[in-house]
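Scroll down for the structure; my scribbles are underneath it.
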Amino acid sequence: GVGGVLGPLAALGADRVTGIEAAGWEPGRVDVSAAALAGHVRSRGHAVVVFAATGPGRDLAPRVAAKLARPLLTDVTEVEGSGIVATRPVFAGKALARVRATGVPVLLSIRPNVFAVAESPREAVAEVVSAEAAEGCGGYLVKGFEASEGAALDVSEAEIVVSGGRGMKDPSNWPILADLRDALGETAALGASRAVVDAGWRPHAEQVGQTGKTVTPKLYFAMAISGAIQHLAGMRTAGVIVAVNRDADAPIFGVADYGIVGDVFEVAPRLAEVIRELQDE
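Residue numbers (the numbering used here): 4 to 284.
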């Protein structure tokens, strides 16, 4: 049951952690989840409801908002004050909007990794509540789930990220970074700057930055990336940052733990070579 997942959540600073066991729920039945959650919010009178801006969250949040007849602030990257002023990307990520929420409950989905997880020494109250089957649920049948084959590791979930900027000069040069990623292992993923994505060199799913994805890997390689503020906002909380750039004055060196002033087309292959040599020892 849902009670099994409450323990780890209770250590993250909440006063109360609640699991809802809804009648008729099974994997994929987001309609049942939405009805149960909306009913719970009404009964408890919650002022703020926060979702993760992930695939499941983007499916669930608008359904709950519709049932509560409340607006939904999506893909939020910053929250200010008790009055809830949220910052979120608009116009396909070309700009950022600051939106003030009015009325209650306030519903918002927050982009993963934009806030650090801080464990709390206090122990939250954990409870499991039941929800009856809601009217209006059903109308479709979940036949099963299939994992996509060959799907690349999501950059926001990777322990190591290798990102490239316009200094890569051409999309045909990306195999150089892909080889470095491969040398680093299965926990590594490719990222890209906004300039690269806007130029059509790489897919938006790889974009790191304020209007892309926020990443918190253990190790981040910024390859031929100058370090615009927009990009730094998405990766500056990485554990260790390694920057490679020909320009010794590039802003990226201001946040890097290790910096190499040099040609990425020489440095990246050499890094991949050395990493493989170390792995063979």
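Yeah, the Cβ is synthetic: ideal placement off N, Cα and C, and Gly gets one too.
These numbers were taken from a predicted model, which means no experiment stands behind them.
Tell me the DSSP bridge mates of residue i?
| i | result |
| --- | --- |
| M226 | G167 and V247 |
| F268 | F268 is not bridged to any residue. |
| L76 | L111 |
| A134 | A25 |
Report the rounded CA-to-CA distance for residue i versus residue j, giving the unit in angstroms.
| i | j | result |
| --- | --- | --- |
| L63 | M238 | 28 Å |
| A55 | E280 | 40 Å |
| V107 | H43 | 14 Å |
| P220 | R249 | 24 Å |
| A38 | A69 | 10 Å |
| P65 | V247 | 42 Å |
| A41 | E126 | 26 Å |
| V53 | S112 | 6 Å |
| G10 | D266 | 49 Å |
| A259 | G58 | 32 Å |
| L274 | G262 | 13 Å |
| K146 | R61 | 21 Å |
| I87 | V51 | 9 Å |
| L144 | A129 | 32 Å |
| L183 | R19 | 45 Å |
| G16 | V211 | 28 Å |
| A231 | I255 | 8 Å |
Give every residue of the same chain whose Cβ lies closer than 6 Å to the Cβ of residue i, excluding the five residues on either side of it in the sequence, and list them in chain order.
| i | result |
| --- | --- |
| V35 | A25, G27, W28 and C140 |
| T90 | T80, E81, L99 and R101 |
Which one of the options has the shortest CA to CA distance from residue i?
| i | options | result |
| --- | --- | --- |
| F118 | E83, P108, T105 and A150 | E83 |
| R205 | S175, T219 and K221 | S175 |
| E209 | A41, G168, Q282 and D252 | G168 |
| A161 | A192, K216 and G215 | A192 |
| S166 | A98, P30, L235 and L75 | L235 |
| T217 | L183, D250, G147 and Q233 | Q233 |
| M226 | P74, V145, W177 and P11 | W177 |
| A72 | L110, A271 and A134 | L110 |
| R1 | E126, T77 and K146 | Outside the displayed range of the chain (4 to 284) lies residue 1, so it cannot be described from this structure. |
| G22 | S112, V52, V67 and V132 | V132 |
| A251 | D157, S229, E284 and R32 | S229 |
| L75 | T105, G48 and K172 | T105 |
| K172 | V158, G147 and V199 | V199 |
Cutting at 8 Å between CB atoms, please list the residues of its own chain near residue i, excluding the five before and the five after it.
| i | result |
| --- | --- |
| T190 | L156, A161, E162 and I163 |
| A159 | The residue you asked about is not Ala; residue 159 is Ser in the sequence shown. P115, N116, K216, T217 and V218. |
Beta-carbon within less than 7 Å of residue i's beta-carbon, same chain only, minus the 5 sequence neighbours each way: which residues are those?
| i | result |
| --- | --- |
| E135 | A26 |
| query | Unbroken beta strand (DSSP E) runs of length 3 or more, entirely within the segment 23–73: which are they? | reply | 51–55
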